[in-house]
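Below: one structure, written as structure tokens.
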Amino acid sequence: MQTSPPLALLLAVSLAASPPARALEQIELKLPLVDTTFSIRLAELSDPRALLAGHSDLAELDQATRGRIGRQLVELFNAPLPLQALEVAHQVVPSPLAQQALLLLSSLGGVDGLPADVSSETVLNVLDLAYARGSLTMLGVLQAVPGQTAFVDLGKGLFLLQRMNAQLRSAAGLLDGTTPAAVDPALAGPGPLPVRRDTLNLSVTYRPLPLEVVVIRPSQQASGRLVAISHGLWDGPESFEGWGRHLASHGYTVLLPRHPGSDRTQQQAMLSGKVPPPGPAELRLRPLDISALIDAAAAGQLGLPAGVNTGSVVVLGHSWGATTALQLAGARPRSQQLQKRCNDLQDPQRNLSWVLQCSFLGATDQAALADPRVKAVVAVSPPMALLFDAEAAPVFQGRVLLVSGSRDWVVPPGPEAVAPMARIARLGNRGHQLVLAGGGDHFNLGSTYDQGGGPLRGLLLGWVNGAFAAGSGVAPGLGAPELLPPNGWGDGVLSLSDVSGRLPSWNP
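FYI, the numbering for the sequence shown is -23 to -1, 1 to 485, going by mature numbering (1 follows the signal peptide of the UniProt record, and there is no 0).
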């Protein structure tokens, strides 16, 4: 899953397969509560105050509303966009999830005379041009859009912008005044053990094709402790092999399956028209993949050294993979909230992850698959609020560390992390923890094999170490000891803060 309502607004006004020569010159604004549109030359928006001080129809309307319309224009067109890194845009824009954002936001407007099919190349060209002029703003983006006239619904645009900002604001409030964890080289640094990486195929009865599995483990002195990592939608093990390599250098054996019904290969086949999008059945098949790997390790089918303990396993996951980890830890998907809220476009907690969660409706109530061998999990940016019932607290049999980025607009921290964990905390401290990554988004928390583990490497190692060291004390319960060490699991780039203790009094 992989930018922000303002960027999606860009997508909504840049519907072009091949850009024409002339640049966008005019905007037709539809204003809230007014059944008409106002034409504005794009050049005039470089100084909205001058425009609104003039004698145009729009200026008179602004005066009649005591400046309210003017303030909205300034807010929408001149605010910096949350997405400021072009390398992230180049990863995100071509993805089908970005196309889903476009479908959701297409009512915001369009560009006169351009075809309705979306070109990723055009969108990226627009971003490149806007970025070259300085900090990205809506005005800068519009100045780079090809075409003649853009039609923008100001009221809908402001509503979506304000909703997104509100969904990020709760994380900012929790981080305010906290001291990020320090960096301990014992956790953040590579371990002393040499590491090997292998790829194998495992036949399973419930899928027509075998599972591809990446195995990363110490080539000597392995601890016998097993960790599994589940990737997200339209992703693959390669995005998280750095996590595995870091853990393996400290003694752990790590298994990373490629979930065939929702990985990058499936995405490519879907885009070429060969297969449909991932079906609801994948909600159950993904945890089955992890359980099958544990079974295979126990049966000696993965070529692992003797002595691997499959009775106590830790599972890490990102995005949909994090949802998979929560299922294995005992969270039961339910259809009640999906049926109630999926069609409400005005829901204040609605976010892009609902596109995925609502697609599970057909199989939700049959997707519970807790595995008692999974004693603890790390769930990084999991879509969970609707899936696990937004009006109740999910019950876990395994210990849970939830990690959310403060700038994650795909799975925003407010509705998808802070609110669910606050409900859990109000039932009493059972040892589950929430860590917020200041500056973290949906794409910068993973790590490829050669990246050394990424910003979460110390956090993951600290939690995994604590889970195995706890023995029977790893089970959640009132007064259960924390699994993270008191400090040292931070990162030098992103600020990582445990906000678990602030949740009971927090009103998301």
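Quick reminder that beta carbons are idealized off the backbone N, C-alpha and C, glycines included. All figures in this text were calculated on a predicted structure; none of them were measured in a lab.
Compare the Cα-Cα distances from residue i to each of the options and report the closest residue.
{"i": "residue 285", "options": "294, 293 and 270", "result": "270"}
{"i": "residue 212", "options": "233, 474, 435 and 403", "result": "233"}
{"i": "residue 158", "options": "434, 44 and 408", "result": "434"}
{"i": "residue 187", "options": "205, 203 and 237", "result": "237"}
{"i": "residue 147", "options": "373, 209, 201 and 382", "result": "382"}
{"i": "residue 164", "options": "473, 439 and 475", "result": "439"}
{"i": "residue 209", "options": "350, 311, 172 and 387", "result": "387"}
{"i": "residue 223", "options": "294, 332, 346 and 427", "result": "427"}
{"i": "residue 429", "options": "215, 384, 189 and 347", "result": "215"}
{"i": "residue 319", "options": "230, 196, 336 and 303", "result": "336"}
{"i": "residue 486", "options": "375, 419, 181 and 3", "result": "Absent from the structure is residue 486, since the part of the chain shown begins at -23 and ends at 485."}
{"i": "residue 473", "options": "346, 149, 6 and 300", "result": "149"}
{"i": "residue 399", "options": "453, 331, 17 and 477", "result": "477"}
{"i": "residue 446", "options": "465, 202 and 423", "result": "202"}
{"i": "residue 168", "options": "227, 316, 451 and 144", "result": "227"}
{"i": "residue 197", "options": "218, 230, 182 and 189", "result": "230"}
{"i": "residue 304", "options": "377, 242, 114 and 253", "result": "377"}
{"i": "residue 334", "options": "276, 257 and 405", "result": "257"}
{"i": "residue 177", "options": "273, 355, 450 and 317", "result": "273"}
{"i": "residue 161", "options": "437, 457, 451 and 449", "result": "437"}
{"i": "residue 225", "options": "207, 276, 185 and 170", "result": "170"}
Under a Cβ-count criterion, where at least 16 other Cβ atoms within 10 Å of its own Cβ denotes burial, should residue i be classed as buried or exposed?
{"i": "residue 479", "result": "buried"}
{"i": "residue 194", "result": "buried"}
{"i": "residue 251", "result": "exposed"}
{"i": "residue 403", "result": "exposed"}
{"i": "residue 175", "result": "exposed"}
{"i": "residue 154", "result": "exposed"}
{"i": "residue 475", "result": "buried"}
{"i": "residue 470", "result": "exposed"}
{"i": "residue 455", "result": "exposed"}
{"i": "residue 432", "result": "buried"}
{"i": "residue 84", "result": "Confidence at residue 84 is low in this model, with a pLDDT of 42, below 50, so the placement of that residue is unreliable and no value is reported for it."}
{"i": "residue 255", "result": "buried"}
{"i": "residue 37", "result": "exposed"}
{"i": "residue 421", "result": "buried"}
{"i": "residue 40", "result": "exposed"}
{"i": "residue 296", "result": "buried"}
{"i": "residue 45", "result": "exposed"}
{"i": "residue -7", "result": "Since pLDDT at residue -7 reaches only 26, below the 50 mark, its modelled position is unreliable, and the value read off the structure follows with that caveat. It counts as exposed."}
{"i": "residue 384", "result": "buried"}
{"i": "residue 91", "result": "Residue placement at residue 91 is flagged as unreliable, the pLDDT there being 42, under the threshold of 50; a coordinate-derived value is accordingly withheld."}
{"i": "residue 300", "result": "buried"}
{"i": "residue 219", "result": "buried"}
{"i": "residue 466", "result": "buried"}
Can you tell me which of the three DSSP states residue i falls into?
{"i": "residue 15", "result": "strand"}
{"i": "residue 418", "result": "coil"}
{"i": "residue 469", "result": "coil"}
{"i": "residue 49", "result": "helix"}
{"i": "residue 243", "result": "helix"}
{"i": "residue 146", "result": "helix"}
{"i": "residue 475", "result": "strand"}
{"i": "residue 435", "result": "helix"}
{"i": "residue 362", "result": "coil"}
{"i": "residue 455", "result": "coil"}
{"i": "residue 381", "result": "strand"}
{"i": "residue 461", "result": "coil"}
{"i": "residue 353", "result": "strand"}
{"i": "residue 341", "result": "helix"}
{"i": "residue 412", "result": "strand"}
{"i": "residue 480", "result": "coil"}
{"i": "residue 43", "result": "coil"}
{"i": "residue 376", "result": "strand"}
{"i": "residue 6", "result": "strand"}
Return no unless some Cβ of chain D is closer than 8 Å to the Cβ of residue i.
{"i": "residue 449", "result": "Looking for chain D here will not work: only one protein chain is present."}
Hey, would you say the C-beta of residue i is under 7 Å away from at least one heavy atom of the ligand NAD?
{"i": "residue 152", "result": "In the structure on display, the ligand NAD does not appear, and there are no ligands present to speak of."}
Beta strand (DSSP E) runs contained entirely in the region 158 to 198, provided each spans 3 or more residues: Entirely contained in the region 158 to 198, the beta strand (DSSP E) runs reaching 3 residues are, in chain order, 172 to 179 and 188 to 195.
contact_flag[the region 349 to 366, the region 378 to 398] where n(CB pairs < 8 Å) is 3 or more: Three or more beta-carbon pairs drawn from the region 349 to 366 and the region 378 to 398 are found closer than 8 Å, and the two stretches are therefore classed as touching.
Sequence ranges, beta strand (DSSP E) only - wholly within the region 280 to 330, length at least 3: With a minimum length of 3 residues, the continuous beta strand (DSSP E) runs that stay inside the region 280 to 330 are 286 to 295.
Segments of 4+ residues assigned as alpha helix (DSSP H) that fall wholly inside the region 202 to 251: Note on the region 202 to 251: whole alpha helix (DSSP H) runs with a minimum of 4 residues are 218 to 226 and 241 to 248, in chain order.
Touch test, the region 454 to 474 against the region 409 to 420, Cβ-Cβ under 8 Å, three pairs minimum: These segments touch.
Cβ contact check for the region 255 to 267 and the region 322 to 331: 3 or more pairs under 8 Å: Because the criterion of three Cβ pairs below 8 Å is not met, the region 255 to 267 and the region 322 to 331 do not touch.
Contact the region 338 to 358 vs the region 311 to 320: 3+ CB pairs below 8 Å: Under the Cβ criterion (8 Å, minimum of three pairs), the region 338 to 358 counts as touching the region 311 to 320.
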